[in-house]
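Colleague: Following this message is one structure expressed as structure tokens.
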Amino acid sequence: MDQVYVCFFSHKLIKHLLFSNVMVILTKYSTPFSHYILSQFLSQQNFKLLKKCVLKQKFKRFDSDLFSFLQSKNLLISKNKSITYFCNFLKSLEFLQMLQSLTNKKLNGVVDVSAFMYKKGDYLLPHDDLVTEKDKKRKLAYIFYLSSLRKSDGGALDLYKKGKIVKSFIPKENNLIIFSVSRHSFHQVREVIKNKKRISLAGWFYG
Amino acid sequence: MARISVGQIAKEINTKGFIEIPNFLSMENFASLKKVHVSKKISKIGSHVIHTATHPLQYKITNQISKALNMSFKSLFIICKHGDFTLLNSPILKPFRGLLDLSDHWNPHWGGYLSFIKNEREVLRRNPSPNSLFLYNIAAMPFIKYVNTNAKKQAVKYLFLR
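Sequence lines, in order, name chains A and B. For the first sequence, our numbering assigns the number 127 to the initial residue and increments by one for each residue that follows. For the second sequence, our numbering assigns the number 1082 to the initial residue and increments by one for each residue that follows.
Here it is, written out as structure tokens:
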């Protein structure tokens, strides 16, 4: 653990966005590459509501050489109130400014939001999030966990350094993980090996 | 070895981009060759994880295929167990133009299939099929799909030909 921050969000924003937590604990880690964890991000009530709404979305299976998982449509166009609040919070000036000051990354306010579901046998192999030319504008990646898993279930987020896994995060609901995207940000989602669902909201902040 | 004329093979590859010849080896040779044991794991982060192997019959069979098809082949065993895969950017499959499939019964949902991608779209998927010879000449990038946990201890076994 490198640094711990206590983030205060304005009452107006919290009220408007249905978040009841005014204060959020943020932990910054710098190895193997910069990443940040915001624990117990939403109030339990709002978390449950958001999860319920996300699970009502339609998920479509996607397969490539790199991954196998189910993904929702772009949730920025969702008409669901709870999902819209979450998306608006990610796009809010207050949150973007906090991320910029923490990460020294210049963000342009563009954010992706999709829901992902990994079932038994699903995975995302090691990559750096800069696969194609258009990915170069990705500055920060984020994952907001909507389900918790055990280590033996698989589904951990592994961070690499020089081809070796040096850090793993077992999905824990209501935790938000953010990490810097660069040629060094090699990571993977370990295959889910039990009959469990790994559900998250994830995407990128662009700059 | 299955009987099919070289002309027929060439014609099919020219029109479809590939040919699949089932029941290629005699049962005796197939039974022997599929008993190949994994010898080495090759792993390159962000590219591929595969196992390779050798078998005493490998070179004899490769020579027989070369003679039968009037082409000169070299071969490499590539075995994919749970957790193995190749990615599109991996150079490992690039030289090959065919394979002899030595897998046992296989469920495509376990992964392990050969997929060909062109312009970010899959143009051909070849599921494992025991004892078949698959020859191809496709302007697309191939990869072997990650073998997932549902395969348990089973593996796909390909004798790749180039």
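Just so it is clear, CB atoms sit at the ideal spot from N, CA and C, and this is done for glycine as well. A quick note: this is a predicted structure, and the numbers were derived from the prediction, not measured.
Express the C-alpha separation of B/S1196 and A/L144 in angstroms, rounding to a whole number.
Modeller: In the first sequence, residue 144 of chain A corresponds to position 18, counting from 1. In the second sequence, residue 1196 of chain B corresponds to position 115, counting from 1. Its pLDDT being 49, under 50, A/L144 is placed unreliably by the model, and nothing is read from it.
Colleague: Name, going along the chain, the residues of the stretch 1117–1132 of chain B whose beta-carbon falls closer than 7 Å to a beta-carbon of chain A.
Modeller: Residues passing the 7 Å Cβ filter: I1126, G1127.
Colleague: Assign B/E1109 to one of two classes, buried (16 or more other C-beta atoms within 10 Å of its C-beta) or exposed (fewer than that).
Modeller: The residue labelled residue 1109 of chain B in the question sits at position 28 within the second sequence. Its Cβ having fewer than 16 others within 10 Å, B/E1109 is exposed.
Colleague: What are the complete alpha helix (DSSP H) segments, minimum 4 residues, inside the stretch 203–227 of chain A?
Modeller: Whole alpha helix (DSSP H) segments, 4+ residues: 207–217.
Colleague: Using the Cβ count rule (16 or more neighbours within 10 Å means buried), how would you classify A/L203?
Modeller: Translated into positions along the first sequence, residue 203 of chain A becomes position 77. Just to set this straight, residue 203 of chain A is Ile in the shown sequence, not Leu. So A/I203 ends up on the exposed side.
Colleague: Going by beta-carbon coordinates alone, are A/I151 and A/I303 separated by less than 8 Å?
Modeller: Taking the first sequence and counting its residues from 1, the one referred to as residue 151 of chain A is at position 25. Taking the first sequence and counting its residues from 1, the one referred to as residue 303 of chain A is at position 177. Cβ atoms of A/I151 and A/I303: not closer than 8 Å.
Colleague: Helix, strand or coil: how does DSSP classify B/Y1140 here?
Modeller: Taking the second sequence and counting its residues from 1, one reaches residue 1140 of chain B at position 59. In this structure, B/Y1140 counts as helix in the three-state DSSP scheme.
Colleague: Roughly how many angstroms separate the alpha carbons of A/T229 and A/L266, rounded to a whole number?
Modeller: Taking the first residue of the first sequence as 1, we reach residue 229 of chain A at position 103. Taking the first residue of the first sequence as 1, we reach residue 266 of chain A at position 140. So the two alpha carbons sit approximately 9 Å from each other.
Colleague: Which residues does DSSP pair with A/Y162 in a beta bridge?
Modeller: Residue 162 of chain A sits at position 36 when you count from the first residue of the first sequence. The partner list for A/Y162 (beta bridge, DSSP) reads A/K154, A/I304.
Colleague: List the DSSP bridge partners of B/P1223.
Modeller: The residue labelled residue 1223 of chain B in the question sits at position 142 within the second sequence. According to DSSP, B/P1223 bridges with B/F1197.
Colleague: How would you call B/K1121, buried or exposed, if buried means at least 16 neighbouring beta carbons within 10 angstroms?
Modeller: On the second sequence, residue 1121 of chain B is found 40 positions in, with the first residue counted as 1. The residue is exposed, with fewer than 16 neighbouring Cβ atoms inside 10 Å.
Colleague: What would DSSP say about B/I1123, mapped onto helix, strand or coil?
Modeller: As a first step, residue 1123 of chain B is located in the second sequence; it is residue number 42 there, counting from the start. DSSP places B/I1123 in strand when its eight states are reduced to three.
Colleague: From what residue to what residue does the alpha helix (DSSP H) around A/F195 run?
Modeller: Start at 1 with the first residue of the first sequence, and residue 195 of chain A comes out as number 69. It is not in any alpha helix (DSSP H) - A/F195 instead sits in the beta strand (DSSP E) that spans 193–197.
Colleague: Using three-state DSSP, classify B/F1215 as helix, strand or coil.
Modeller: Within the second sequence, residue 1215 of chain B is the residue found at index 134, counting from 1. Reduced to three states, the DSSP call for B/F1215 is strand.
Colleague: So for A/T229, helix, strand or coil by DSSP?
Modeller: By one-based count along the first sequence, residue 229 of chain A stands at place 103. Of the three classes helix, strand and coil, the one that applies to A/T229 here is helix, per DSSP.
Colleague: With distances taken between CB atoms, is the gap from B/L1258 to B/H1129 smaller than 8 Å?
Modeller: Residue 1258 of chain B falls outside the range modelled here, since chain B spans only 1082 to 1243, and no answer is possible.
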